[in-house]
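Going line by line, the protein sequences match chains A, B and C.
Numbered according to the numbering used here, the first sequence spans residues 1492 to 2129.
Numbered according to the numbering used here, the second sequence spans residues 3 to 173.
Numbered according to the numbering used here, the third sequence spans residues 524 to 783.
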Amino acid sequence: MISTAHRLVNLEDLHQAMRQGRDLLYPSEPKIMIGTATCGLAADAEEVLHAVREEVANSKLPYQVTETGCIGWCSQEPLLDICIPGRPRVTYGRMKPGRAREIVRAIPEVKREWALAMMPGDENTLNGAHVNYCVPHNGHMDGLTAYKDLPLFKRQLRIVLRNCGIINPDNLEEYIARGGYHALWHALRKHTPEEILNEVKRSGLRGRGGAGFPTGVKWQAVRDAQGEPKYVICNADEGDPGAYMDRGVLEGDPHSVLEGMTIGGYAMGAHEGIIYVREEYPLAVMRMKQAIRQAQDAGLLGQSIFDSGFSFEIRVVKGAGAFVCGEETALIRSIEGKVGEPQQRPPYPAQHGLWGKPTCINNVETWANIAVIVQRGGDWFSQIGTAKSKGTKVFSLVGNIENTALIEVPMGTTLAEIVYEIGGGVPNGRACKAVQTGGPSGGCIPADKFDLPVDYDSLNQAGSIMGSGGMIVMDDHTCMVDIAKYFLEFLEDESCGKCFTCRVGTQRLKEIVTRISQGEGKEEDLDLLQDLSWLVREGSLCGLGQTAPNPVLSTLRYFRSEYLAHIRDRRCPAHRCRELITFAIDPVLCNGCGACVQICSGKAILGEKKKPHIITQAQCTKCGACLEMCKFDAVLVH
Amino acid sequence: MPEMEAVKPLLAQFKDERANLIPILQEIQAAFSYLPEEALRRVARKLHVPVTDVYQVATFYRCFSLKPRGRHLVQVCLGTACHVRGGDLVLERTQTETGAGLSGTSPDLEFTVEPVRCLGCCGLAPVMRVDRDTFAHLDQAKVRGIVNRYHPRRKPATVDKIAASPEKVRS
Amino acid sequence: MVHITMNGLAVEAECGSSLLEVARFYNFPIPTLCHEDGLNSYGACRLCLVEIGEGPKSKLVAACGYRVEEGMKVRTNSMRVQRARRLLLELYVATCPQSKRIQDLASEYGVRQCRYQPVDGQPGAPWDPKANCIQCGLCVRICAEQMMAGAIGFSGRGKSRHVARPFGMTSEQCRQCGACLYACPVCELRCQASTAESLLCNGCLNFSPVCFQSYSDAMCFLEPCHTCELSGPFRHEVGIKVHALHDAGQKVAPSTGELK
């Protein structure tokens, strides 16, 4: 699995590695792939992998068993794929070790049971190549939908996620086999740094970390800045709750980030790169470190890469658990071994960054786009997306949604398309209420605004932000006051605490929203919320503080009636705010099974077996466990 | 202090540079499961930075703890996706089941329960991580079974029958 | 020299100077709580907000940390600045109603209401050093930058951030010089006019001379109270302030550090 350790010096070496990689990627014997990114592992992919390995070893089957990254179909984890030469790749979802064994035993027959979809070939956005797994007329299988016809994948255009779920991330050759490091070769051997820079500018790529600053402009500023050495940083401190696209890329396609950073280093005249990964992602840290070692062994990092005279090194720095370190000046302070307090800009990191030197900080997704832009040209890239937001964006589509998934769509796709078509809408027959984008800096967009095209500017106008790409779908059981409270709790804890406005402002905002959620609010409190939000936004130093009131402002803007229901009627329409709800048991529906008694955290439920139970309100902690537990819908919430 | 002997080789791996402060503290945290006061003082001396700075960094970042943690670290995810699917209730239940309560660590030092800001498994919400294992699709009923699995004196078998069996079975 | 426009006036400023320095040089008043000449600017109190730029791209920045740039347009007293100041001081009053300095500023800048509820223990009750400290960081900076000690620092972050001594104990670096007390902008005389009904005093508007001398007890924001451990001779020098601090500190300072 580990790459051959000989140095790749010229194009012929790269082609050689490509051929080796193809043999691994498309072997002549059946191949079984298991998605073992963190989310896959959480869903027990390791046991499935173990079972498959055991089955193959015990029966001495000539099959390859490999791991792969996350293809993004999170709701079906753990995923198992079988690729039989000459036949489409078939994906199985929600695998259990037993089922996996059966599927393996059935090879060369393809088991239809539990199969989700099939892939007759793959497309590679990096170089536009198509690889057919089978002759076209064999490309359909009864009852199995092709990936490209699935609602989840139909609208996707995978540039950043091009290799995720296709290649084995432990394997450099497989990355090269899909055209990897060719862009680097071209950049170093055929282009000047200026040409690369112009290509990035022409692409119209904007920073994918949230703010959407034009990448080319930033690169130019770093290139023009006085001072040596210069640094290139990959911001992988993906702190937004509900967002995991960076983890998906780091775990599923680590080399795409390394290649992008190396090209960036060449364009900007930097020789050192740092990847700042949050410590909550141990697997991503491991995969990146391993990828760096592989690249060093192959001469793709280090002295005079591809004999071009250009040298570049990359190292990983692990974060220590602070959301604010996603802010670039705080991130720099953290690398320098200090607390992550953001600094006044200007001076910008482009002039005065790490150790006071010119520094370029881009997000994981931004870096993963670079190789494609160099390979296919800025003009190709700029055809995708909208007038001001080019290319694609990866979103983590989560929350109350049928298909929780990691998706990549062209900019300008509407929220309705994302939520209803790709995501399949809200489960359990409930109504969709809102989508929260942009993490704690973003806002909630109500369902009646879902015709909004998703790009930087439209989201800003709607009172939210693009952010790093978390999209949390909320159904009608979500209380918007509770959501505002949730984000304020997050922010009062994650604020670095230096600016008075942000530290005390978020605390006071939370205090007021909490009061409202307890039915103790007054209508004047809404004006105070507006005033205080304005102050926090205007008066804070960094992006965290300036956007901290967004969750409050956007819920106030679109869901004012819910706030008023809490205040005027002391009622939580979504039955979420504890102080405003009571639990009771319907004596007709209750058959006295006792399930609720067992789970009750406050020992509040009384009743004899097989007789209707009652809840003593004084003891009830309103945790809702009885509601979850009851199979007869006998627990009522008012 | 005998345990401080273990700090020496840890410190020796690093150069005396301020930038190494956080990596060093991470190593100490990993080795001791907390940051002993004496260790922090040694780090300050080694890196030639004031103890106040080391103390500030140690209290600023969430992955450091100045108090000894329990044998098992239970991290309950409070990311947005987990929140809308009831992660806060799972946390509360975990605090009760482990006995950790709001203080964070159970009196028997078996568990430290910490809320965590997103484990990045939002597709499987709500989730929690116990040591290195991640558990998915939780609800309140599954918590007891998971906790008992890690508790030395409670047998998973005695979990009440009604509680749905957790999705994860690990020894 | 760079040329900037300040409140419509074309002025010259030295390269590298901060907006606050320039404004004060030209006698435009800007209130501050965390700025002291001779200490590095910190930008924590946000009270020195000024408006820069024009039209939709204009924004508020902290004057103390923002360097002058050629051609920039600065307004130190626009409606936006005034609104921010008033809201900010309202928030300050709610945080530390017993500080006479803050009450005075609130009166001066036209704060007429305080809509926040008192934090636990306020008012009248002894202050809670953690909750009432405005964390301007002057004590931390004077200790590190002027006294070269670095004996106190910030601990924690966000809502649990506070000024602390490492491990809750006086460190070897502390010479008990009292500079931290000297620097504190809000621990001078105590305003006792704020009540549970209104945290805002506004007394200075109505009475002259202001806030009679009867309120002579002061506050200390270190936890545990730093002065409580100061020795005798020093107490003589600082006089009544330290006495009062000592007494007050006895009442409120928990004797245990946060670690123990």
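Note that CB positions come from ideal geometry on N, CA and C, so glycine has one too.
Ignore the nearest five residues each way along the sequence and tell me which others in residue i's own chain have a CB closer than 7 Å to its CB.
{"i": "His526 (chain C)", "result": "Ala533, Glu535, Glu593, Gly594"}
{"i": "Arg1649 (chain A)", "result": "Thr1616, Glu1899"}
{"i": "Ala2 (chain B)", "result": "Since the displayed chain B opens at 3 and closes at 173, residue 2 (chain B) lies outside it and no answer follows."}
{"i": "Leu1943 (chain A)", "result": "Thr1905, Leu1906, Ile1936, Ser1949, Ala1953"}
{"i": "Arg2062 (chain A)", "result": "Ala2056, Leu2071"}
{"i": "Ala2116 (chain A)", "result": "Ile2090, Cys2091, Ser2092"}
{"i": "Pro1642 (chain A)", "result": "Glu1912, Ile1913, Gly1915"}
{"i": "Thr1992 (chain A)", "result": "Leu2026, Val2027, Gly2030, Ser2031, Gly2036"}
Given this structure, state the Cα-to-Cα distance separating residue i from residue j, to the nearest angstrom.
{"i": "Ala46 (chain B)", "j": "Arg131 (chain B)", "result": "32 Å"}
{"i": "Met1454 (chain A)", "j": "Trp1858 (chain A)", "result": "Lying before the first or after the last residue shown, residue 1454 (chain A) is absent from chain A, which here runs from 1492 to 2129."}
{"i": "Leu543 (chain C)", "j": "Leu2047 (chain A)", "result": "36 Å"}
{"i": "Met670 (chain C)", "j": "Asn600 (chain C)", "result": "35 Å"}
{"i": "Cys662 (chain C)", "j": "Val604 (chain C)", "result": "27 Å"}
{"i": "Glu537 (chain C)", "j": "Phe1981 (chain A)", "result": "42 Å"}
{"i": "Glu695 (chain C)", "j": "Val53 (chain B)", "result": "10 Å"}
{"i": "Ala2065 (chain A)", "j": "Ile1892 (chain A)", "result": "17 Å"}
{"i": "Cys120 (chain B)", "j": "Thr2112 (chain A)", "result": "26 Å"}
{"i": "Thr528 (chain C)", "j": "Lys596 (chain C)", "result": "5 Å"}
{"i": "Ala1716 (chain A)", "j": "Ala1841 (chain A)", "result": "7 Å"}
{"i": "Ser1795 (chain A)", "j": "Phe1803 (chain A)", "result": "8 Å"}
{"i": "Asp55 (chain B)", "j": "Gly1916 (chain A)", "result": "50 Å"}
{"i": "Gln736 (chain C)", "j": "Arg624 (chain C)", "result": "Annotation note: pLDDT 43 at Gln736 (chain C) (below 50); position unreliable, no value reported."}
{"i": "Asn1623 (chain A)", "j": "Gly1577 (chain A)", "result": "9 Å"}
{"i": "Glu1750 (chain A)", "j": "Ala33 (chain B)", "result": "34 Å"}
{"i": "Gln28 (chain B)", "j": "Pro38 (chain B)", "result": "12 Å"}
Just to make sure I have the definition right: I need the residues of chain B whose C-beta is within less than 8 Å of the C-beta of residue i. Which are they?
{"i": "Asn2041 (chain A)", "result": "Going along chain B, no residue has its Cβ under 8 Å from Asn2041 (chain A), so there is no contact; the nearest lies around 13 Å."}
{"i": "Arg664 (chain C)", "result": "Result: empty, since nearest Cβ-Cβ is about 12 Å, beyond 8 Å."}
{"i": "Gln1927 (chain A)", "result": "Thr82"}
Looking only at its chain, what residues have a beta carbon closer than 8 Å to the beta carbon of residue i, apart from the 5 residues adjacent to it on each side?
{"i": "Phe1726 (chain A)", "result": "Residue 1726 (chain A) is actually Asn in this sequence, not Phe. Hits under 8 Å: Gly1700, Tyr1767, Gly1817, Glu1819, Leu1822, Ile1852, Asn1853, Asn1854, Val1855."}
{"i": "Leu722 (chain C)", "result": "Val616, Ala617, Pro620, Cys637, Tyr639, Pro641, Gln645, Pro646"}
{"i": "Ser1747 (chain A)", "result": "Val1651, Arg1653, Asn1654, Tyr1666, Gly1671, Val1740, Trp1858, Ala1859, Ala1862"}
{"i": "Gly566 (chain C)", "result": "Cys557, Ala585, Cys587, Gly588"}
{"i": "Thr2005 (chain A)", "result": "Lys1976"}
At 7 Å on the CB atoms, spell out the chain A contacts of residue i, in chain order.
{"i": "Thr618 (chain C)", "result": "Val1995"}
{"i": "His153 (chain B)", "result": "Going along chain A, no residue has its Cβ under 7 Å from His153 (chain B), so there is no contact; the nearest lies around 18 Å."}
Counting only Cβ pairs nearer than 7 Å, list the residues of chain C close to residue i.
{"i": "Pro52 (chain B)", "result": "Gly673, Gln696"}
Which residues bound the beta strand (DSSP E) around residue i?
{"i": "Val1885 (chain A)", "result": "1883 to 1890"}
{"i": "Thr1559 (chain A)", "result": "1555 to 1559"}
{"i": "Ser1825 (chain A)", "result": "Premise fails: Ser1825 (chain A) lies in the alpha helix (DSSP H), 1819 to 1826, not in any beta strand (DSSP E)."}
Excluding five sequence neighbours on each side, which residues of the same chain lie with their C-beta closer than 6 Å to the C-beta of residue i?
{"i": "Glu760 (chain C)", "result": "The predicted model places Glu760 (chain C) with a pLDDT of 34, which falls under 50 and marks its position as unreliable, so this point remains unresolved."}
{"i": "Pro1588 (chain A)", "result": "Glu1538, Val1539, Ala1542"}
{"i": "Arg2067 (chain A)", "result": "Cys1970, Asp1973"}
{"i": "Arg80 (chain B)", "result": "Note that residue 80 (chain B) corresponds to Leu in the displayed sequence, not to Arg. If we look at Leu80 (chain B) and ignore the five residues flanking it on each side, its Cβ neighbours are Gly89, Pro117."}
If you follow the alpha helix (DSSP H) that residue i is in, where does it begin and where does it stop?
{"i": "Tyr2054 (chain A)", "result": "2051 to 2059"}
{"i": "Glu2099 (chain A)", "result": "Looking at the DSSP string, Glu2099 (chain A) is not in any alpha helix (DSSP H), and its letter there is neither H nor E."}
{"i": "Arg1510 (chain A)", "result": "1502 to 1516"}
{"i": "Ser2148 (chain A)", "result": "The first residue shown for chain A is 1492 and the last is 2129, placing residue 2148 (chain A) beyond what the model contains."}
{"i": "Cys703 (chain C)", "result": "702 to 706"}
{"i": "Val53 (chain B)", "result": "53 to 62"}
{"i": "Pro1901 (chain A)", "result": "First-last for Pro1901 (chain A): 1896 to 1901, but that is the beta strand (DSSP E), not the alpha helix (DSSP H)."}
Starting from residue i, find everything on chain A with Cβ-Cβ shorter than 9 Å and list it in chain order.
{"i": "Gln28 (chain B)", "result": "Glu1770, Lys1809, Ala1811"}
{"i": "Thr107 (chain B)", "result": "Chain A residues near Thr107 (chain B): none, gap ~17 Å exceeds 9 Å."}
Can you name the residues of chain A whose CB is closer than 8 Å to the CB of residue i?
{"i": "Leu91 (chain B)", "result": "Cys2114, Gly2115, Ala2116"}
{"i": "Leu572 (chain C)", "result": "Glu2029, Gly2030"}
Which residues in chain B sit within 9 Å of residue i, going by Cβ to Cβ distance?
{"i": "Ile1963 (chain A)", "result": "Gly81, Thr82, Ala83, His85, Val86, Cys124"}
Check the Cβ of residue i against every Cβ in chain C and list those closer than 8 Å, keeping chain order.
{"i": "Tyr57 (chain B)", "result": "Gly676, Ser678, Ala687, Pro689, Phe690"}
{"i": "Ser1986 (chain A)", "result": "Arg680, Gly681, Lys682"}
>> Tell me which residues of the stretch 1871 to 1905 of chain A have at least one Cβ-Cβ distance to chain B shorter than 8 Å, keeping chain order.
In response: Hits within the stretch, in order: Ser1887, Val1889, Gly1890, Asn1891, Thr1895, Ala1896, Leu1897.
> Quick one, which residues of the stretch 555 to 566 of chain C are near chain A if we go by CB-CB under 7 Å, in chain order?
Replying inline: Within the stretch 555 to 566 of chain C, the residues whose Cβ lies closer than 7 Å to some Cβ of chain A are Gly566, listed in chain order.
> the stretch 1813 to 1838 of chain A: which residues have C-beta closer than 8 Å to a C-beta of chain B, in chain order?
Replying inline: Using a CB distance below 8 Å, the part of the stretch 1813 to 1838 of chain A facing chain B consists of Ala1813, Phe1814, Ser1825, Ile1826, Glu1827, Gly1828, Lys1829, Val1830, Gly1831, ordered along the chain.
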